[in-house]
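Trainee: Residues 851 to 1437 (our numbering) make up the sequence shown, in order.
Okay, here's the structure, questions in a sec.
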Amino acid sequence: MHTPHTDTSIASRREFVGSLAALSAFTSCAALSQNSVAAQAASTNVAADAITPAMIEQCERLAGITFTAQEREQMVKTVGQQLATFNARAAFGELPNALSPAQVFRVLLPGEVQRVLPNTAEDSMRRAQVAAPSSDADLDFATIEQLSAWIASGAVTSRQLVQRSLARLRVANETLHCVITLVEEASLEEASTLDAETKAGKSRGPLHGIPYGLKDLFDTAHIRTTWGAEPWRDRVPTQDAAVVTRLRAAGAVLVAKTALGALAYGDIWFGGMCRNPWRTSQGSSGSSAGSASTVASGCVPFAIGTETLGSIVSPCNQCGTTGLRPTFGRVSRHGAMALCWSWDKVGPITRSVVDAGIVLEAINGVDNHDASTVDVPFVAPRMPNAKLFRIGYDKRWFEGPNASSKISLDALSRCGATLIEKEINPPGDPSVLVTSLMCEAAAAFEGLTRSNADDALAWQADEAWPNSFRQTWFIPGIELVQAERIRRMFMEWMRVVLADCDALILPPFAGGLLVVTNATGHPTLCLREGFDAADQPRSITLIGHPFDESTLVKIGAALEAALDVSTKTPAMPWMKDLASPAILPHP
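In structure tokens form, the structure reads like this:
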């Protein structure tokens, strides 16, 4: 997650926390263990007759409601009965992070048909033959398409690419703090196996032999998976996440578990702050921090990230990479840390739009271990094509600080797209939608809060998870239900907004749509648009219909070609210390 949660009740919570502590529904502290929830709830409960009208009156001020004195007297008699229910729930102990709620979020509304436009023969064509690399530097920032062609032709081997990737990661990590665990021996063994397959005339597809990075919240068998958080820094799973299994089947080679902001928020983890290769005084943003940083610095051609609220879009915007946040339910989260079961999405971070489609094709698919997944095919289009597509925009999104983004509108017009100017006004404040995110996240890490193990997290700002989890205990259940009803309202609104167009185009944080589309589950493509006055990359985003990532890739690839800024690389003087054997012969 990227966007800080704005809390207007912190002062009130501090003022009244003493009296509220008597209510077991609002308590939190105990040892972090399988039984910490039950133990803590039992140890802090008070007898039902100890609850007073004054306690209820204090609670009213946080809940935003007022009762009469007579009503409070009556509630005293019955509120205590709820404590038994809370205790019964707590008696189940610490629930597994992977155990999702019974309610499964679905992106499509009743009667809404999946809008999946088939690729034409032209869309699926391979591009012209790729010229052979002339130097090792050509390899470092090559696209998946280029590397795949070079492996197939014998110009380079998978083992050579993996060796160079590992060498660059070691050096870059000293400055960028972008890697939590290097996967050295296993990656070299896997690369050798894939090279043998190549020599035998076999190929697993376009990812055959390609090294990649993986956000360190995906389980990897016998390789630690830390979630970027101190309490889990020595956690070693025994099974692979679904995404890892699918990428291995596609021939990709895991070389690094990349840094993430602790528990998928921001860019600060127990090893420090992940840095932006374009300006190392800045963080990379997050929470897919290391995934964006390693791709931007030429260490890996692609990485896997996740997004709950900006965690792919924001670091891609900061680091100048391409990010494809798929429709909710397209990619399995099985074996990934759950933050918000109805918001979490998995997607690729790459150096080109076509590459993002290639990776999505490999990880796409239904999974019986993830109830949210749906069976919708995806075949990555390989040719740019914006012709005949209708793309909506609100001119207000391209004013003020975002005025420079008008170049993307001009570029799309040159590509043959039809631009539709619209006035797009959300039905209300999108921040309301974050209520469910906060409640799900606090529930996912209840044990962390109750045990006080949250004190071990590196980031302790007011907006960071430890404080956010605590304050969420004071969100009434009614607020959660009402926020979910408003979520449905926004889903209906998005259907209307997209009814007359194939996609929307906007700067990454314009119009509140980053929050809206994360809540509604719509797909978003983020790609580099240009550079600001300080030579920092800036991005533009495309929002599509549910499960219509193919259209986003076609339009995005055409826009990328028209803008012609995707191949510029950061200076990175600290990478000159790279001491790795040459792969290609030099004159």
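Idealized CB from N, CA, C, for every residue including glycine.
State the Cα-Cα distance for the pair I1274 and C1289, rounded to the nearest angstrom.
Mentor: Against the sequence shown, residue 1274 aligns to sequence position 424. Against the sequence shown, residue 1289 aligns to sequence position 439. Approximately 29 Å, taken between the alpha carbons.
Trainee: Does DSSP classify S1143 as helix, strand or coil?
Mentor: In the sequence shown, counting from the first residue as 1, residue 1143 sits at position 293. In the structure shown, S1143 sits in a helix (DSSP, three-state: H, G or I).
Trainee: From the DSSP output, read off the bridge partner residues of R1129.
Mentor: The residue given as residue 1129 occupies position 279 in the sequence shown. According to DSSP, which records beta bridges pairwise, R1129 is partnered with N1126.
Trainee: From which residue to which residue does the beta strand (DSSP E) around S1008 run?
Mentor: Locating residue 1008 in the sequence shown gives position 158, where the first residue counts as 1. Element bounds for S1008: not the beta strand (DSSP E) but the alpha helix (DSSP H), 1008 to 1026.
Trainee: For the stretch 1403 to 1418 against the stretch 1233 to 1241, do three or more pairs of beta-carbon atoms, one drawn from each stretch, fall closer than 8 Å, so that the two count as touching?
Mentor: yes
Trainee: Are there 16 or more other CB atoms within 10 angstroms of the CB of L1364, so buried, or fewer, so exposed?
Mentor: Residue 1364 sits at position 514 when you count from the first residue of the sequence shown. It is buried - the Cβ of L1364 has at least 16 other Cβ atoms within 10 Å.
Trainee: Assuming V1366 and L1283 make a contact with CB atoms under 8 Å, what is their CB distance in whole Å?
Mentor: Here residue 1366 is taken as the residue at index 516 of the sequence shown, counted from 1. Here residue 1283 is taken as the residue at index 433 of the sequence shown, counted from 1. Contact flag correct, Cβ pair sits at about 7 Å.
Trainee: State yes or no: is the C-beta of S1164 within less than 8 Å of the C-beta of G1121?
Mentor: The sequence position of residue 1164 within the sequence shown is 314, counting from 1. The sequence position of residue 1121 within the sequence shown is 271, counting from 1. No.
Trainee: Should S1138 and K1065 be called a contact, given that it needs their Cβ atoms to be closer than 8 Å?
Mentor: Within the sequence shown, residue 1138 is the residue found at index 288, counting from 1. Within the sequence shown, residue 1065 is the residue found at index 215, counting from 1. Yes, they are a contact pair.
Trainee: List, from N- to C-terminal side, the beta strand (DSSP E) runs of 3 residues or more that fit wholly inside the stretch 1055 to 1115.
Mentor: Restricted to the stretch 1055 to 1115, the beta strand (DSSP E) segments that are unbroken, complete and at least 3 residues in length are 1061 to 1065, 1103 to 1108, listed in chain order.
Trainee: Using CA atoms only, rank isn't needed, just tell me which of G1111, P1277, Q1013, E944 is closest to W1315.
Mentor: Position 465 of the sequence shown holds residue 1315. Comparing Cα positions, the closest option is G1111.
Trainee: Express the C-alpha separation of E1296 and M905 in angstroms, rounding to a whole number.
Mentor: Position 55 of the sequence shown, counted from the start, is the residue given in the question as residue 905. Position 446 of the sequence shown, counted from the start, is the residue given in the question as residue 1296. Rounded to the nearest angstrom, the two C-alpha atoms are 23 Å apart.
Trainee: Which of the three DSSP states, helix, strand or coil, is assigned to A1293?
Mentor: As a position in the sequence shown, residue 1293 is number 443, starting the count at 1. Correct three-state label for A1293: helix.
Trainee: In terms of alpha-carbon separation, which member of C1376, K1418, P1151 lies closest to S1161?
Mentor: Position 311 of the sequence shown, counting from 1, holds the residue named residue 1161. Closest by alpha carbon: C1376.
Trainee: Tell me whether the beta-carbon of D1398 lies closer than 8 Å to the beta-carbon of R1125.
Mentor: Here residue 1398 refers to the residue found at position 548 of the sequence shown. Here residue 1125 refers to the residue found at position 275 of the sequence shown. Going by C-beta atoms, D1398 is not nearer than 8 Å to R1125.
Trainee: Give the C-beta separation of E1199 and A1142 to the nearest angstrom, bearing in mind that I take them to be a contact with Cβ-Cβ under 8 Å.
Mentor: To locate residue 1199, count along the sequence shown from 1; it is residue 349. To locate residue 1142, count along the sequence shown from 1; it is residue 292. Looking at the sequence provided, one finds Ile at residue 1199 rather than Glu. For I1199 against A1142, the beta-carbon gap comes to about 5 Å, under 8 Å, which counts as contact.
Trainee: So what does DSSP say about S878, is it helix, strand or coil?
Mentor: Residue numbering aside, residue 878 sits at position 28 when the sequence shown is read from its first letter. Confidence is the limiting factor: at S878 the pLDDT is only 31, short of 50, which leaves the residue's position unreliable, though a coordinate-based value still follows. If DSSP states are grouped into helix, strand and coil, S878 belongs with coil.
Trainee: So, are the CB atoms of R1183 and D1225 less than 8 Å apart?
Mentor: Numbered from 1 along the sequence shown, position 333 holds the residue referred to as residue 1183. Numbered from 1 along the sequence shown, position 375 holds the residue referred to as residue 1225. Contact flag unset, no.
Trainee: Which residue's Cα is closest to the Cα of A1384: F1359, G1394, P1420, L1354?
Mentor: In the sequence shown, the residue the question calls residue 1384 occupies position 534. Considering only alpha carbons, the answer is P1420.
Trainee: When burial is assigned at 16 or more other CB atoms within 10 Å of the CB, is D1427 buried or exposed?
Mentor: Stepping through the sequence shown from its first residue, residue 1427 is reached at position 577. Burial call: exposed.
Trainee: Please work out which residues of its chain come closer than 6 Å, Cβ to Cβ, to V1103, disregarding the five sequence neighbours upstream and downstream, and give them in chain order.
Mentor: The count along the sequence shown starts at 1 and reaches residue 1103 at position 253. Within the same chain, V1103 has close Cβ partners V1012, S1037, E1040, A1041, P1061.
Trainee: Look at the Cβ atom of R1378, then the Cβ atom of G1173, and state whether they are nearer than 8 Å.
Mentor: Position 528 of the sequence shown, counted from the first residue, corresponds to residue 1378. Position 323 of the sequence shown, counted from the first residue, corresponds to residue 1173. Contact flag unset, no.
Trainee: Please report the distance separating the alpha-carbon of F1319 from that of F1152.
Mentor: The sequence position of residue 1319 within the sequence shown is 469, counting from 1. The sequence position of residue 1152 within the sequence shown is 302, counting from 1. Cα-Cα distance, rounded: 32 Å.
Trainee: What are the boundary residues of the alpha helix (DSSP H) that includes G1406?
Mentor: Start at 1 with the first residue of the sequence shown, and residue 1406 comes out as number 556. G1406 -> alpha helix (DSSP H) spans 1399 to 1413.
Trainee: Assuming E1333 contacts T1285 under a Cβ cut-off of 8 Å, what Cβ separation, rounded to an integer in Å, is found between them?
Mentor: Working through the sequence shown from its first residue, we reach residue 1333 at position 483. Working through the sequence shown from its first residue, we reach residue 1285 at position 435. Checking the sequence shown, residue 1333 turns out to be Ala, not Glu. So it is a contact: roughly 4 Å between Cβ atoms.
Trainee: Using C-beta distances below 7 Å, list every residue in its chain close to C1166, excluding the 5 sequence neighbours before and after it, in chain order.
Mentor: As a first step, residue 1166 must be located in the sequence shown, where it is residue number 316. If we look at C1166 and ignore the five residues flanking it on each side, its Cβ neighbours are A1142, T1172, G1173, I1199, C1376, S1389.
Trainee: Where does the unbroken alpha helix (DSSP H) through I901 begin, and where does it stop?
Mentor: As a first step, residue 901 is located in the sequence shown; it is residue number 51 there, counting from the start. Run containing I901: none; DSSP gives neither H nor E here.
Trainee: Taking C-alpha atoms, which residue in P1127, S1258, S1222, I1393 lies nearest to A952?
Mentor: Start at 1 with the first residue of the sequence shown, and residue 952 comes out as number 102. Comparing C-alpha distances from A952 to each of P1127, S1258, S1222, I1393 shows the shortest one belongs to S1222.
Trainee: Comparing alpha-carbon positions, which option in F1228, K1107, H1058 lies nearest V1006?
Mentor: Locating residue 1006 in the sequence shown gives position 156, where the first residue counts as 1. Ranking F1228, K1107, H1058 by Cα distance to V1006 puts H1058 first.
Trainee: Helix, strand or coil for R1300? Go by DSSP, reduced to three states.
Mentor: The count along the sequence shown starts at 1 and reaches residue 1300 at position 450. R1300 falls in the helix class under three-state DSSP.
Trainee: Return the first residue and the last residue of the beta strand (DSSP E) that E1157 is part of.
Mentor: Here residue 1157 refers to the residue found at position 307 when the sequence shown is read from its first residue. Segment 1152 to 1157, the beta strand (DSSP E) holding E1157.
Trainee: Alpha carbon to alpha carbon, what distance is there between K1052 and F1359?
Mentor: Numbered from its first residue, the sequence shown carries residue 1359 at position 509. Numbered from its first residue, the sequence shown carries residue 1052 at position 202. Each residue's alpha carbon lies about 44 Å from the other.
Trainee: Under 8 Å between the Cβ atoms of F1381 and P1387?
Mentor: Taking the sequence shown and counting its residues from 1, the one referred to as residue 1381 is at position 531. Taking the sequence shown and counting its residues from 1, the one referred to as residue 1387 is at position 537. Result yes, Cβ atoms of F1381 and P1387 sit closer than 8 Å.
Trainee: Just how far apart, CA to CA, sit T1025 and Q908?
Mentor: Reading the sequence shown from its first residue, position 175 is the one you call residue 1025. Reading the sequence shown from its first residue, position 58 is the one you call residue 908. Answer to the nearest angstrom: the Cα atoms are 49 Å apart.
Trainee: Leaving out the 5 sequence neighbours to the left and right, which residues in its chain are closer than 8 Å to T1088 when beta-carbon positions are compared?
Mentor: The sequence position of residue 1088 within the sequence shown is 238, counting from 1. Cβ within range, chain order: A1071, H1072.
Trainee: Which residues in the same chain have their Cβ closer than 7 Å to the Cβ of L996, if we skip the five residues on either side of it in sequence?
Mentor: As a working note, residue 996 is residue 146 in the sequence shown. Looking at the sequence shown, residue 996 is not Leu but Gln. V980.
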